[in-house]
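Colleague: Numbers -27 to -1, 1 to 44, taken from mature numbering (1 follows the signal peptide of the UniProt record, and there is no 0), label the letters of the sequence shown in order. Attaching a single structure in structure tokens format; questions to follow.
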Amino acid sequence: MRKLCCPALLPYLILLIFKDIPCHVCAKDKPYFDPASDTEVTVPATGAAYLHCKVHNLGKVEVHNLRYFIP
């Protein structure tokens, strides 16, 4: 089994811009991951992982479905 971190699989742009802002103290006008979301998903190594992450306060920022693997 491999554990995948949900926020790490979302576009790096949001993470890089807001990496120093913890989820529970985000500014109202900046995107942040829902702290109630599951942060780990366990799937077989050859299985598909479905990540259901909520991002709040997107505004004009877009979240894209990027397919890549992070070891």
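C-beta: ideal position from N, C-alpha, C; glycine also.
Excluding five sequence neighbours on each side, which residues of the same chain lie with their C-beta closer than 8 angstroms to the C-beta of residue 31?
Modeller: 4
Colleague: Strictly by DSSP, which residues pair up with residue 29?
Modeller: DSSP, once it has assigned bridges, lists 5 as partnering residue 29.
Colleague: Alpha carbon to alpha carbon, how far is residue 14 from residue 8? Give it in angstroms, no decimals.
Modeller: 15 angstroms
Colleague: Near residue 10, which residues of its chain fall below 8 angstroms by C-beta distance, leaving aside the five closest residues on each side in sequence?
Modeller: Counting only Cβ-Cβ distances below 8 angstroms, and skipping sequence neighbours, we find -22, 25, 26, 27.
Colleague: Pull up the DSSP beta-bridge partners for residue 34, would you.
Modeller: According to DSSP, which records beta bridges pairwise, residue 34 is partnered with nothing at all.
Colleague: With DSSP run on the structure shown, which of helix, strand or coil describes residue 15?
Modeller: strand
Colleague: How is residue 21 classed by DSSP in three states: helix, strand or coil?
Modeller: coil
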